[in-house]
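Numbering (this note's numbering), first residue to last: 74 to 693.
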């Protein structure tokens, strides 16, 4: 049976959830743990999940329980602060039984004025009020009536003293505030009060339209931020996440509209007249899809840059043996994280240390020194020739090259030889072939010339060294080449450290400039000069999950464009010359799949896959 274009659009359009006809169910897994899935109900009975209409909403119910005090769902509670001894602990309660719980814990005391802190004494609800039944003598209570709350429900917060015994006593008392359900071995009804499962408060906020899915993911970044740049990213993401959600929803609506126009060709092409020819209609859809694709690609690229802020920038130390890589690592970290020795090849594996460098989280890795030579079977011990590389060192060199090629930034550490090695009597710069060859294949290279303390202050060799480096590594600008002395930095008294001995701080400032370039937002070339570019700054907050869905969406759009443009009669004007034998059904299906990817980002899709995504996000 063929569908009209109106049916196609209404079936896949964005649904605004506002009323109370839909209900939520969950499949029971274990006591106190439930996996939630949507089952949409209407007044006429059960309908398949695809039959969505604009008057439906989402509620929580257990899949095997169809009658729990009418439409009320269980009240949940949990400790909202970290476990352990503290001055204050916050216990949060959400659901329809908040007022009953308060009356049981604080008998004969009026309910606090909404959103006003009130001091109360908590009593054991199973005992008469008396000094011996006190749970906590001075509890600060806050009551927030729904729906203008985080979860959209009534919320009660108990700010109790943070002793572990008090926390345990109050948590144990909350389920006793309501009479228990009558014992029934055949009943699968949820208890009216239960401990919240991971992320359940946030899930209820999403289901009641208090938070969007991008806002929830931005909240996860806020909770895990450890450096200044991570904090800024999370704050920016929290402030702009709703706007990002609106952007993705507008893209989804555009794709649904484009799909509707294509499917109109199927439904009405035989007996209807269009204001424009089918060729022109398809050409308009192609241009709109190409514009959306370009914007999605930029969002994806900015998401990669934002991931460097969120997950950390990998910085690899690359150099020859005994060039001073481990010494530099220890200078930056401020402790002996790597072994320092005059013996070459003491570092055999990758030593990685996480540091906060100017607000950027950096994963700094010291690696085996690179050198060429004859490889011998064994661990290299007892081999007299300096050109002989043991089997263990060879493996370390292989791992070092592999790590350098994967690193976001590579710091090449070169060193000077002892004075007199040069014909001029000045120290010469060591340019090991293995190091240079590997550095040429790396991206974002910064060079540090170590052991500058060997060079006389009045000599003019530094300019010559910079030229030598740029001759071997032409992609490295002079502003990315630094002169350092790890020995001077490590032997300078702490009271003189502000004078930047050894040039270590200058090197770190140069690295920070490189980090800024790596994490700056990309703006499309076709963006109007007077347009608002803040949306591209906000796209730095796109998470890895969202980026993966954007890439999948672009893949479907690429397949759509390939299907349409391959049918063009003239490659020079492909949009204006679409053939008559275009497979419109396949093209429309590609647009549907692309729109569903965007729906998974916002959590407003109609497929079961969206529910699997929600479970992962909320538990974070």
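Using N, Cα and C, we set each Cβ at its ideal position, and we do this for glycine too. Since the model is a prediction, treat every value here as computed from it, not as a measurement.
When the beta-carbon positions are compared, residue 200 and residue 178 stay at least 8 Å from each other. In the displayed model, residue 275 falls within a helix according to three-state DSSP. Contiguous alpha helix (DSSP H) elements confined to the stretch 297-383 occur at 301-341, taking only those with 4 or more residues. Looking only at 674, 665 and 633, the smallest Cα-Cα distance to residue 656 is reached by 633. If you draw a straight line from the Cα of residue 267 to the Cα of residue 380, it is about 37 Å long. With respect to residue 557, residue 591 sits apart: the two C-beta atoms are not nearer than 8 Å. Our two residues, residue 671 and residue 587, have alpha carbons roughly 33 Å apart in a direct line. The beta-bridge partner set that DSSP reports for residue 162 consists of 233. Judged by DSSP secondary structure, residue 621 falls outside any beta strand (DSSP E) and instead within the alpha helix (DSSP H) spanning 617-638. For residue 181, the number of other beta carbons within 10 angstroms of its own is below 16, and it is reported as exposed. If you draw a 10 Å sphere on the C-beta of residue 598, you find fewer than 16 other C-beta atoms in it, and that means exposed.
The Cβ atoms of residue 519 and residue 482 sit closer than 8 Å to each other.
Following the DSSP letters along the chain, one finds residue 523 inside the beta strand (DSSP E) bounded by residues 518-523.
Residue 306 has its alpha-carbon roughly 21 Å from the corresponding atom of residue 368.
Each of 607, 385 and 218 was checked against the Cα of residue 589, and the nearest Cα belongs to 385.
Just measuring C-alpha positions, the residue of 609, 663, 488 and 170 sitting nearest residue 542 is 488.
Taking residue 240 as reference, the option from 151, 399, 440 and 593 with the minimal CA-CA separation is 151. Taking 8 Å as the upper bound for CB-CB distance, residue 512 and residue 469 are not in contact here, some 18 Å apart. The shortest CA-to-CA distance from residue 310 to any of 611, 550, 662 and 187 is the one to 611. Residue 359 and residue 676 have their alpha carbons spaced roughly 27 Å apart. Rounded to the nearest angstrom, the Cβ distance from residue 225 to residue 172 is 16 Å, too far for a contact under 8 Å. No residue range can be given for residue 225, since it is assigned to no alpha helix (DSSP H) and is classified by DSSP as neither H nor E. Spanning the alpha carbons of residue 426 and residue 183 requires a straight line of approximately 56 Å. Here residue 364 is not near residue 331, since their CB atoms are 8 Å or more apart. Annotation: residue 565 to residue 574 spans about 7 Å, alpha carbon to alpha carbon. In this structure, the alpha-carbon of residue 209 lies about 7 Å from that of residue 233. A residue is called buried when at least 16 other Cβ atoms come within 10 angstroms of its Cβ; residue 620 meets this threshold and is buried.
Secondary-structure assignment with DSSP links residue 207 through a beta bridge to 196. Beta-bridge pairing by DSSP links residue 434 to 429. Around the Cβ of residue 227, a 10 Å sphere holds 16 or more other Cβ atoms; the residue is buried. Per DSSP, residue 565 is not a residue of any alpha helix (DSSP H), being assigned neither H nor E.
Taking residue 407 as the centre and dropping the five residues before and after it, the same chain places no C-beta closer than 8 Å to its C-beta. Setting aside the 5 residues that flank it on each side, residue 303 is surrounded in the same chain by 294, 297, 382, 383 and 434, each with a C-beta closer than 8 Å to its C-beta; the list follows chain order. Annotation: residue 431 to residue 291 spans about 23 Å, alpha carbon to alpha carbon. DSSP places residue 240 in the helix class (H, G or I) of the three-state scheme. In this structure, residue 521 lies away from residue 478, with their beta-carbon atoms at least 8 Å apart.
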